[in-house]
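As structure tokens, the structure follows; a few thoughts come after it.
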Amino acid sequence: MHALQSLHTFALPSQCLQLITISRWQQLMEIDFSKPFCLLGEGSNSVFIEDFAGVVIKLGLKGIAIHEHDEYWSIEVGAGENWHQLVLQLLEKGIAGLENLALIPGTVGAAPVQNIGAYGVELAKFVEYVEGFDIKTKQRVRLNTEQCQFGYRDSIFKHALKGCFVITQVGLKITKQWQPELSYGPLQHLKHTHPSAWQVCQAVIAIRQSKLPDPSVLANAGSFFKNPVVSNEHASKLKQQFADIPTYYVNDAQQKLAAGWLIEQAGLKGHQIGGIAVYHQQALVLVNQGNGSADELVTMIKYIQQQVWERFAVRLEHEVRLLGHDNEVHIQGVVCE
Ligand code: FAD
Ligand code: EPU
Numbered sequence: 019m020h021a022l023q024s025l026h027t028f029a030l031p032s033q034c035l036q037l038i039t040i041s042r043w044q045q046l047m048e049i050d051f052s053k054p055f056c057l058l059g060e061g062s063n064s065v066f067i068e069d070f071a072g073v074v075i076k077l078g079l080k081g082i083a084i085h086e087h088d089e090y091w092s093i094e095v096g097a098g099e100n101w102h103q104l105v106l107q108l109l110e111k112g113i114a115g116l117e118n119l120a121l122i123p124g125t126v127g128a129a130p131v132q133n134i135g136a137y138g139v140e141l142a143k144f145v146e147y148v149e150g151f152d153i154k155t156k157q158r159v160r161l162n163t164e165q166c167q168f169g170y171r172d173s174i175f176k177h178a179l180k181g182c183f184v185i186t187q188v189g190l191k192i193t194k195q196w197q198p199e200l201s202y203g204p205l206q207h208l209k210h211t212h213p214s215a216w217q218v219c220q221a222v223i224a225i226r227q228s229k230l231p232d233p234s235v236l237a238n239a240g241s242f243f244k245n246p247v248v249s250n251e252h253a254s255k256l257k258q259q260f261a262d263i264p265t266y267y268v269n270d271a272q273q274k275l276a277a278g279w280l281i282e283q284a285g286l287k288g289h290q291i292g293g294i295a296v297y298h299q300q301a302l303v304l305v306n307q308g309n310g311s312a313d314e315l316v317t318m319i320k321y322i323q324q325q326v327w328e329r330f331a332v333r334l335e336h337e338v339r340l341l342g343h344d345n346e347v348h349i350q351g352v353v354c355e
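All residue numbers for the sequence shown refer to our numbering, where the first residue is 19 and numbers rise by one.
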């Protein structure tokens, strides 16, 4: 048995049968994928809510190669590289573009899985290809951006390729025509200062540090729920009732709501169940105060889903990947419609 508490940032006490760290993709050829397995980077979006009766495969593939072209940079990165360190290293070399995604925890290999995004930018904008190991054919396969089917916190790796594709390398294409992305509210004040990419990066880091708990200090997995997408009709009904509800257009027919706002308005900011709490500075983040249990977390998830449903008729879906006894589990605590 191998302890998992230090391998995921929510830090629940749990164990797995076996842990294998992959440092060369060829090691994947030798793994018996017919038995329960779970792919893991730095565990900042995964929570083990039971002991895992299988092998946890930690992706540690390293390497960063930078190729300069006339109008853009191609960057090839091993799945086990740390995302934030990559952002910093590129900025140090004068390669700007990823600064809005600074300080997002985790590995480069996990970044395409949920198409990491923050402050008006998503990873998809920079992906040239995602390379991985096809578990069924044991071949290495390269997918282009379109094939990755990126969406909001979504990609093919959560659907058709879930459980059958191990990302080993990510190829990024970063244009030399850098433009700061300052559309997100708290970055807008920088517009008139013509900031450098470093300055945008520092501003992003400062905003994140003011809102989000550092997992090395207070165990958490970032936003616990996705921001829900509802029809225009549903959004305007909510606006009639709650004039200050934040909404963002996704397309002509749908709007995104702020789950953090919904949870706060449901009176749950700071709410505590045993050792699990709704973070007092950002209601979308759940924290493990050190002694939290999986049962308390599951109770909290269902309670939040139920309360938000009763007040707003909106279903919250957890963004964080929950691992049960031998597979991923989904919790939906809404019981009445
Ligand atoms: P893990 O938790 O290890 O894995 C995540 C999922 O990807 C799992 O399902 C796993 O099986 C799968 N996976 C991992 N590696 C591979 C691979 N090589 N091949 C195939 N599948 C793989 N996310 C955002 O998008 N934006 C944010 O602003 C943001 N802020 C955060 C802030 C905090 C404080 C925390 C704790 C998290 C935040 N997150 C954010 C979530 C998290 O950082 C991202 O989801 C990140 O990409 C997870 O990386 P990881 O290596 O820790 O993934
Ligand atoms: N809000 C509240 N109360 C709260 C939290 C938020 O009223 O407790 C309101 C804010 O005032 C704002 C709106 O909700 O009007 C949105 O809040 P914020 O800008 O903090 O962003 P978010 O929607 O809560 C999302 C991502 C974050 C990402 C930030 C910045 C999701 C699920 N979360 O959070 O990603 O860093 O935007 O772009 O999309 C993560 O995925 O782990 C994560 C942290």
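We put the CB at the ideal spot given by N, CA and C, even for glycine.
This structure is a prediction, so every number in the text was calculated from the model and none was measured.
DSSP three-state assignment for residue i, whether helix, strand or coil
i      : result
Trp91  : strand
Ala261 : coil
Gln44  : helix
Gly278 : helix
Glu117 : helix
Asn238 : strand
Contact test: residue i Cβ vs ligand 2 heavy atom, cutoff 7 Å
i      : result
Pro264 : yes
Gly278 : yes
Leu179 : no
Glu337 : yes
Among the options, nearest to residue i - alpha-carbon criterion
i      : options                        : result
Pro231 : Gln44, Ile122, Leu106          : Ile122
Gln157 : Val126, Trp196, Gln44, Ala271  : Gln44
Pro204 : Asn345, Asn118, Glu146, Gln283 : Asn118
Arg42  : Leu22, Glu60, Leu77, Gly351    : Leu77
Thr193 : Glu86, Tyr170, Val74           : Glu86
Ala237 : Lys53, Leu46, Ser62            : Ser62
Gly127 : Gly308, Leu190, Lys111, Glu346 : Leu190
Gln217 : Arg226, Gln227, Pro198, Val235 : Pro198
Gln283 : Thr39, Ser52, His298, Ile82    : His298
Ala253 : Ala239, Pro246, Gln273, Glu328 : Gln273
Val235 : Leu280, Gly181, Leu22, Ala29   : Ala29
Delimiting residues of the beta strand (DSSP E) encompassing residue i
i      : result
Arg339 : 339-341
Arg158 : 157-162
Lys191 : 183-193
Ala71  : 70-77
Glu149 : 145-152
Ile174 : Note, Ile174: premise wrong, no beta strand (DSSP E); not H, not E.
Local Cβ density within 10 Å of residue i, reported as buried at 16 or more and exposed below that
i      : result
Asn306 : buried
Ala224 : exposed
Gln187 : buried
Ser201 : exposed
Gln26  : According to the sequence provided, residue 26 is His. The question's Gln does not apply to it. The residue is buried, with at least 16 neighbouring Cβ atoms inside 10 Å.
Asp31  : According to the sequence shown, residue 31 is Pro rather than Asp. Exposed, by the Cβ-count rule.
Arg339 : buried
Met318 : buried
Ala312 : buried
Residue i: CB within 7 Å of a non-hydrogen atom of ligand 1
i      : result
Gly150 : yes
Phe183 : yes
Cys34  : no
Asn63  : yes
Leu205 : no
Residue i: first and last residue of the uninterrupted alpha helix (DSSP H) it sits in
i      : result
Asp313 : 312-330
Ala29  : Looking at the DSSP string, Ala29 is not in any alpha helix (DSSP H), and its letter there is neither H nor E.
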